[in-house]
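Taking it in order: structure first as structure tokens, then the write-up.
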Amino acid sequence: MNAPPLTDLSDRARAIFRLVVEGYLDSGAPVGSKSLAGEGMLNLSPASIRSVLAELEQRGLLAAPHTSAGRMPTQSGLRLFVDAMMQVAEPSKEERAAIEQRLAEPGPIERALEQTSALLSDLSGAAGMVMVPRRETRLAQVTLTALDSHRVLAVLVGEDGQVENRILVMPAELLGTSLEQASNYLTARSSGRTLGEAAKLVEEEIAGGKSALDEASRDLVERGIATWSEDSRERPVLIVRGQANLLDETALTDIERVRSLIDDLEDKQSVAALLERARKADATRIFIGSENRLFSLSGSSVIAAPYRDREGKVVGVLGVIGPTRLNYARVVPMVDFTARSLGKRIG
Numbered sequence: 041m042n043a044p045p046l047t048d049l050s051d052r053a054r055a056i057f058r059l060v061v062e063g064y065l066d067s068g069a070p071v072g073s074k075s076l077a078g079e080g081m082l083n084l085s086p087a088s089i090r091s092v093l094a095e096l097e098q099r100g101l102l103a104a105p106h107t108s109a110g111r112m113p114t115q116s117g118l119r120l121f122v123d124a125m126m127q128v129a130e131p132s133k134e135e136r137a138a139i140e141q142r143l144a145e146p147g148p149i150e151r152a153l154e155q156t157s158a159l160l161s162d163l164s165g166a167a168g169m170v171m172v173p174r175r176e177t178r179l180a181q182v183t184l185t186a187l188d189s190h191r192v193l194a195v196l197v198g199e200d201g202q203v204e205n206r207i208l209v210m211p212a213e214l215l216g217t218s219l220e221q222a223s224n225y226l227t228a229r230s231s232g233r234t235l236g237e238a239a240k241l242v243e244e245e246i247a248g249g250k251s252a253l254d255e256a257s258r259d260l261v262e263r264g265i266a267t268w269s270e271d272s273r274e275r276p277v278l279i280v281r282g283q284a285n286l287l288d289e290t291a292l293t294d295i296e297r298v299r300s301l302i303d304d305l306e307d308k309q310s311v312a313a314l315l316e317r318a319r320k321a322d323a324t325r326i327f328i329g330s331e332n333r334l335f336s337l338s339g340s341s342v343i344a345a346p347y348r349d350r351e352g353k354v355v356g357v358l359g360v361i362g363p364t365r366l367n368y369a370r371v372v373p374m375v376d377f378t379a380r381s382l383g384k385r386i387g
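First residue of the sequence shown: 41, per our numbering; consecutive thereafter.
So, in structure tokens, the structure goes:
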């Protein structure tokens with residue numbers, strides 16, 4: 041059900057709707073008419089408040105859980121609140137300083153990205169996510185070592201000192217003396233090149249009969265290049281931190297939802313695909329509940345923003361995921377500020 045325009049609501053209905061939504065986002069619990077009347081902000085009797093609550097429920101903005109006499113916002117209600125009524129609270133001076141300080145720490149960019157994900161988790165009380173810029177490291181060396189009769193450990197060392205280990209599964213007849221020859225050949229062809237560039241050169245040499253490899257070494261190299269190329273295309277480049285934050289006291293009453301959410305987060309490729317939808321956005325995007333198919337069953341919300349380098353080019357996306365009762369007014373500007381700060385760090 042689509043939410044009615046805000047102009048369709050009376051001033052009284054808007055005031056009550058706002059209090060219900062803010063009360064729910066603050067406590068995670070439905071808000072009742074007695075609670076609203078007791079706050080003294082409406083100057084209305086509980087009966088009058090109940091009448092307005094019933095009207096808002098009929099319009100599809102509020103719902104009454106069967107276990108409670110109170111009301112909570114529906115997905116349509118949350119969307120109306122976020123789009124038309126929410127008053128964002130900019131990060132405090134202390135929060136801004138904490139974000140900038142963490143991102144200014146020296147070290148490789150991968151560490152800054154991990155710091156960003158953990159930082160978003162700490163500040164939001166939800167899980168933090170950062171999609172890493174798609175960039176390939178230029179290689180300095182490739183070493184192949186047999187682990188057992190069928191598996192090879194490939195160690196890829198980048199010019200920036202980054203080390204990556206990958207496991208290749210090979211037929212037993214390919215292992216043995218061919219490993220050293222294959223390692224030397226791959227290092228010679230990959231030094232100073234990205235994996236993609238090295239793969240193209242190796243494929244051209246082998247196809248043109250220009251390689252000095254024996255048959256076993258050639259097969260080993262071809263299989264390794266094919267595996268790495270496929271892995272690079274398929275592997276999600278995503279860092280998620282703070283899943284434990286999703287297991288708060290309110291999660292105990294809805295453990296299936298939380299289990300579903302954590303299972304969804306394990307599917308990093310799908311999460312990365314969702315964050316891709318925020319890459320072209322000019323500002324922070326908010327996905328509530330079933331607005332994104334991935335997290336529809338867990339009823340979760342995602343707040344995501346693209347981050348750019350100093351030339352203004354979008355290089356990745358960051359955000360948080362948590363229950364729909366996230367403190368949107370606080371988290372949205374926090375995600376936005378972190379995206380701008382990370383952009384400065386990327387350079």
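Beta carbons are placed, not taken as given, at the ideal position from N, Cα and C, and that holds for glycine.
Range of the contiguous alpha helix (DSSP H) that encloses residue i
i    : result
Q221 : 218 to 230
V371 : 368 to 386
V277 : No alpha helix (DSSP H) holds V277; DSSP gives it neither H nor E.
E150 : 149 to 164
Boundaries of the beta strand (DSSP E) in which residue i is found, first to last residue
i    : result
M169 : 167 to 171
E204 : 203 to 209
V242 : V242 -> not in any beta strand (DSSP E); alpha helix (DSSP H) instead, spanning 235 to 247.
R333 : That residue, R333, is in no beta strand (DSSP E); it is neither H nor E in DSSP.
Beta-bridge partners of residue i, as assigned by DSSP
i    : result
S341 : I328, G362
A186 : V192
Y347 : G356
L179 : G198
Under 8 Å between C-beta atoms of residue i and residue j
i    : j    : result
L301 : S341 : no
V172 : I279 : yes
A129 : P373 : yes
L334 : D303 : no
V13  : G117 : Missing from the structure shown is residue 13; the chain here goes from 41 to 387 and no further.
A369 : M112 : no
V347 : V360 : One point to set straight first is that residue 347 is Tyr, not Val, in the sequence displayed. No, the pair does not count as a contact, with Cβ atoms beyond the cut-off.
S73  : R90  : yes
G282 : S161 : yes
I149 : I328 : no
S230 : A222 : no
G339 : T364 : yes
V92  : R58  : no
V298 : A345 : no
A124 : L65  : no
G201 : L286 : no
V209 : R191 : yes
T114 : A103 : yes
R310 : S257 : The sequence shown places Ser at residue 310, not Arg. No, the pair does not count as a contact, with Cβ atoms beyond the cut-off.
V177 : T378 : It is Thr, not Val, that sits at residue 177 in the sequence shown. Not in contact: T177 and T378 (Cβ atoms no closer than 8 Å).
Beta carbon proximity, residue i to chain B, threshold 8 Å
i    : result
S340 : The chain labelled as chain B is not found in the depicted structure, where only one protein chain is given.
heavy atom of the ligand MN below 7 Å from residue i C-beta
i    : result
V192 : This structure lacks the ligand MN; in fact it carries no ligand of any kind.
Problem - Whole alpha helix (DSSP H) elements within the stretch 87 to 147, 4-residue minimum - result: If only complete runs of 4 or more residues are kept, the stretch 87 to 147 shows the alpha helix (DSSP H) at 115 to 120, 133 to 143, in order along the chain.
Exercise for the section: Mind the definition here: the stretch 321 to 328 touches the stretch 234 to 247 only if three or more C-beta pairs lie below 8 Å; say whether that holds. Expected result: no
Exercise for the section: Count the C-beta pairs between the stretch 158 to 168 and the stretch 198 to 206 that are closer than 8 Å, then say yes if the count reaches three, no if not. Expected result: The stretch 158 to 168 makes no contact with the stretch 198 to 206; the number of CB pairs closer than 8 Å stays below 3.
Problem - contact_flag[the stretch 222 to 229, the stretch 176 to 196] where n(CB pairs < 8 Å) is 3 or more - result: yes
Problem - At least three beta-carbon pairs within less than 8 Å, the stretch 130 to 140 to the stretch 77 to 90 - result: The stretch 130 to 140 makes no contact with the stretch 77 to 90: fewer than 3 CB pairs, one atom from each, lie closer than 8 Å.
Problem - Touching by the beta-carbon criterion (3+ pairs, under 8 Å), the stretch 193 to 201 and the stretch 311 to 318 - result: Taking a cut-off of 8 Å for Cβ pairs, the stretch 193 to 201 and the stretch 311 to 318 do not touch, as fewer than three such pairs fall below it.
Practice task
Evaluate the contact criterion for the stretch 95 to 105 versus the stretch 142 to 150: three or more CB pairs, one atom per stretch, below 8 Å.
Solution key: Short answer: they don't touch.
Exercise for the section: Could I get the ranges of all uninterrupted alpha helix (DSSP H) runs contained in the stretch 47 to 72, with 4 residues as the minimum, in chain order? Expected result: 51 to 67
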